Amino acid sequence: MVTLRKQYAVVRPVYSEDRLAEDHEKVNRLRKTIPDHLREYLNWDLKRAKNAALSLLPVIGWMKIYRVREWLLGDVVSGISTGLVAIMQGLAFSLMASLPPSYGLYTAFFPMLIYFFLGTSRHISVGAFPVLSLMVGAVVTRLVPEVGPPANITSFEGLTQDQQRVLVASSVTFLMGIFQLGMGVLQVGFIVVYLSDTLVSGFTTAAAVHILVSQLKFVLGLTIPGISGPLSVIYTLEKVFVQITSTNICDLVMSIVIMVVVFIVKELNDKYKAKLPVPIPIEVVMTVIACGVSYGFNFKTNYDVDVVGKMVSGYESPVAPDMEIFKESAVEAFPVAIVGFAVAFSVAKVYAIKHDYTIDGNQELIAFGVSNIFGASFRSFAASTALSRTAVQESSGGKTQIAGLLSAMMAMIVTVALGFLLEPLPTSVLGALVIVNLKGMLMQCREIPYLWRRDKPDCVVWVATFVGATLLGLDLGLAVGIGVNLLTVVFRTQFPRCSVLANIPGTDLYKDRKDYTHISEPKGVLIFRIPSPIFFANIDFFREKLVEAIGFNPLRVLRKRNKALRKIKKLLQKKEGDVTETTDESGMDVEALDQPSDLSGLPFRMDWRAGFPGNISVPRVNLHSLILDFSAVSFLDISAMKGLKTALKELIRVDVDVYIVSCDACILEKLHSCAFFDEEILSSMFFPTLHDAMLHVQDQKKDKSRGSALTESKL
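The opening position of the sequence shown corresponds to residue 67 in our numbering, with each subsequent residue numbered one higher.
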């Protein structure tokens, strides 16, 4: 059965850009200058001040529409559920940062207080994130190694090793916050676009490998110093296998049991999440059980199990960051700031789309910057968000950041009053909880076959980022990933897939001639399309592909024609008895050969397609019209403009009519301002659509054939 489709018919003149401008008046837009923008930026009124206040304090916006009866209960339940998870993750992620576990509770409390007022996301759970903890831990172990003297920093004098490490972590976090705040003030939130989903996936998978390796010493009960820098994963695994015979069986058995139970319950949570009012907080349950068993059987004394130990009760006075640590850690702090923001923004964007509200990237940078600066002043370490914790906050009914504030209050209660209950908790339990939560990040490896089949450059980015971050460390690996990512962009734009188009009969549609069986290609006409910007890096590639498409090099044809023309003129001179010596062909000026053919003084009309005497050879050019489709060309720089002008002149000089279609108005305006047009390249060669140009070519061909027929009849 044939489906009836709607049809449309348009009757209008065939337009070139010049004729379109004649028939339809164009608005001359006044573009704002830099002083205009500055004047507008500095011109404040009451409305703008109000909008600025709302943008800097997003809490005002959502608090005004807060539905107490509908949302409060969900926020309370969500806050309690998220708080329990945040407490456990805070303790576990502190070990990854090479800090005493109690400082993870600081990270679950202080940054959230600031984000409540400044953040634009209503659902993310702010606190410790394993990747950031590991990156901070690398700096901590470098400056304060477990074995050997610490770095030569004045502020370390008189401090214990734990205090030195806390000072390093808080200083790195403070500097990270400064970087984030500075980027937010400068409105460079767009920087996150350079971290593609593929890059982030490869990076977080590599981070999961680092986290897994770093937790093996806790799960196996081994004493292994923290190692940072390139090949740290290899060196750490080497030390693990050297000491594998010293494994603490109690730690190992307890870790395996906890990982199996937590994994099974988490799978059940995912399977029955639609039926469960809130996910089962299995990490909290297992932590409570482990604490009770460890206390009852005195694991520390009887089985030589490492436990959390003395918890810091209450909050310590604020501490100032150390400038010497700033100098030592600036290179590492910047990627920590970028990764922290990129992860948080990506997660926030997912839930903003799901719940239909907007988030502001620049405001998020400011919020996390101030949160980390404030938290670092009270000895917390780098804060971002964790997908698992955020999923708990959203799935358990959280509607706003009141849930996040309540979860921070729970961390405060544990820190102030209940911390002593966690002192018998084995560190192997925390290590096991960290490892079992790596499932989501490690399973991202399944993306590799899909990427290889669908997009090989993206697959290269994933693998390069993963390998670089795994072997060189997370900071250098991120730089490698960004470099490879940008190289793929350069590769795609520098070597685009150019195509030759043809008409689908009976339509005004033009498609790649390789993709369709029934296609119409008028003889002597070629339509060439380049699907990328044309700039200094790909102009030579564009010209090479154009020569390949048309089947001849116009410059070589022009030179052969000029050589043939000189021979013809020489023969004519001999015929007429003129014995004037002419320049030998081998001594011809190359620049003269590149000029338009001088046909003046010939007693006949030159037809380059006709036959010539045996000693004169000229390549035949069967192309009379070339149409360049610029619909996908978004910009054109000066270098490309020069190269394009040269290419067009070479074609015009061998009697090929060139037309450019669907050129962007800004590019056309730039061509006019840069004196692109002259006596050979005219503005009349530009057409608004491909079909306009094709109809014009057909009319021109009819006129020429009619003119040649008239000439023959007169002869």
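We treat Cβ as the ideally placed atom computed from N, Cα and C, and that holds for glycine. Note that the structure is a prediction, hence the values are computed from the model and not measured.
Reduced DSSP category for residue i - H, G, I as helix; E, B as strand; rest coil
i, result
"LEU96", "coil"
"LEU491", "coil"
"ALA568", "strand"
"ASP606", "helix"
"GLY506", "helix"
"LYS577", "strand"
"PHE753", "strand"
"LEU665", "coil"
"GLY543", "helix"
"LEU123", "coil"
"SER262", "coil"
"LEU157", "helix"
"VAL331", "helix"
"VAL373", "strand"
"SER586", "strand"
"LEU499", "helix"
"LEU225", "coil"
"GLY653", "Because the pLDDT of GLY653 is 47, which lies under 50, any placement of that residue in the model is unreliable, and the number read from its coordinates should be weighed accordingly. GLY653 falls in the helix class under three-state DSSP."
"ILE693", "strand"
"ILE704", "helix"
Reference residue i; option with closest CA among the options
i, options, result
"MET154", "ARG579, ARG627, MET476", "MET476"
"LYS711", "ASP606, ARG519, ALA759", "ASP606"
"GLY800", "LYS332, VAL266, ASN368", "What the structure shows of the chain is the stretch from 67 to 781, and residue 800 is not part of that stretch, so it cannot be assessed."
"VAL181", "LEU692, LEU123, HIS757, PHE742", "Here the sequence assigns Tyr to residue 181, which means Val is not the residue at that position. For the residues LEU692, LEU123, HIS757, PHE742, the minimum Cα distance to TYR181 belongs to LEU123."
"ARG208", "LYS611, GLY295, VAL76", "GLY295"
"GLY214", "PHE256, VAL142, GLY292", "GLY292"
"GLY185", "GLN227, ALA152, LEU567, GLY435", "GLY435"
"ILE391", "LEU225, THR424, ASP228, ASN218", "ASN218"
"THR451", "VAL416, ASP422, ILE479, LYS116", "VAL416"
"TYR576", "PHE284, PRO620, VAL727, PHE256", "VAL727"
"ARG95", "LEU748, LEU761, CYS732, LYS767", "CYS732"
"ASP703", "LEU717, ALA603, GLN766, LYS715", "ALA603"
"PHE447", "VAL402, GLY470, LEU665, LEU659", "VAL402"
"ILE548", "PHE561, THR531, LEU537", "THR531"
"LYS768", "ALA410, HIS690, LYS736", "HIS690"
"TYR484", "LEU104, TRP137, SER168, TRP128", "Correcting the residue type first, residue 484 is Leu in the shown sequence and not Tyr. Cα-wise, what sits closest to LEU484 is SER168."
"VAL151", "SER121, THR289, ALA194, ASP141", "ALA194"
"ARG625", "SER473, LEU659, GLY248", "LEU659"
"ALA410", "GLY255, LEU288, CYS740, ALA545", "GLY255"
"GLN125", "ILE425, ILE419, LEU200", "Gln is not the amino acid found at residue 125; the sequence shown has Val there. Per the Cα distances, ILE425."
"LEU138", "GLY470, THR493, LEU748, ARG520", "GLY470"
Extent of the continuous beta strand (DSSP E) run through residue i
i, result
"VAL788", "Any property of residue 788 remains undetermined from this structure, which presents the chain solely from 67 to 781."
"ILE593", "591-595"
Host alpha helix (DSSP H) of residue i (start-end)
i, result
"TYR725", "Unbroken run through TYR725 is the beta strand (DSSP E), 723-727; no alpha helix (DSSP H)."
"VAL720", "It is not in any alpha helix (DSSP H) - VAL720 carries neither H nor E in the DSSP assignment."
"CYS525", "522-538"
"ASN688", "Careful: ASN688 lies outside any alpha helix (DSSP H) and carries neither H nor E."
"ARG71", "Careful: ARG71 lies outside any alpha helix (DSSP H) and carries neither H nor E."
"ALA340", "Here ALA340 belongs to no alpha helix (DSSP H), and DSSP marks it neither H nor E."
"TYR81", "That residue, TYR81, is in no alpha helix (DSSP H); it is neither H nor E in DSSP."
"HIS738", "731-739"
"GLY362", "348-363"
"LEU472", "468-479"
Closer than 7 angstroms: residue i CB and nearest the ligand SAH heavy atom
i, result
"ALA410", "This structure lacks the ligand SAH; in fact it carries no ligand of any kind."
Pick out the complete alpha helix (DSSP H) segments inside the region 392-462, 4 residues or longer, and give them in chain order. Scanning the region 392-462 for uninterrupted alpha helix (DSSP H) segments of 4 residues or longer gives 427-443, 453-461, listed from N- to C-terminal end.
Specify whether the region 181-194 and the region 352-366 touch according to this definition: at least 3 beta carbon pairs, one from each stretch, less than 8 angstroms apart. Flag = no, the region 181-194 and the region 352-366 do not touch.
Would you check if there are 3 or more beta carbon pairs closer than 8 angstroms linking the region 434-443 to the region 105-122? The way I'd put it, the region 434-443 doesn't touch the region 105-122; fewer than three beta-carbon pairs between them come closer than 8 angstroms.
Validate contact between the region 254-262 and the region 339-352 using beta carbons, cut 8 angstroms, 3 pairs: no
If we count Cβ pairs, one from each stretch, closer than 8 angstroms, do we get three or more for the region 497-512 versus the region 270-278? yes
As an exercise, report each continuous alpha helix (DSSP H) stretch of at least 4 residues that is fully enclosed by the region 183-211, in chain order. 196-209
Touching by the beta-carbon criterion (3+ pairs, under 8 angstroms), the region 576-590 and the region 625-633: no
Identify every run of the alpha helix (DSSP H) within the region 269-308, keeping only runs that are complete inside it and at least 4 residues long; order them along the chain. List check, alpha helix (DSSP H) in window: 298-308.
Three or more C-beta pairs closer than 8 angstroms, one from the region 235-250 and one from the region 394-409: is that the case here? yes
Would you be able to state if there are at least three C-beta pairs under 8 angstroms between the region 455-466 and the region 144-159? Two segments are said to touch when three or more pairs of C-beta atoms, one from each, lie closer than 8 angstroms; by this definition the region 144-159 touches the region 455-466.
Please confirm if the region 508-523 is in contact with the region 376-386, defined as three or more CB-CB distances below 8 angstroms between the two stretches. no
Does the region 330-339 come close enough to the region 566-581 to have 3 or more Cβ pairs within less than 8 angstroms? No, the region 330-339 is not in contact with the region 566-581.
contact_flag[the region 421-435, the region 244-255] where n(CB pairs < 8 angstroms) is 3 or more: Contact annotation: the region 421-435 touches the region 244-255, with at least three C-beta pairs closer than 8 angstroms.
Can you find at least 3 beta carbon pairs, one from the region 71-84 and one from the region 751-758, that sit closer than 8 angstroms? Touching, per the Cβ criterion.
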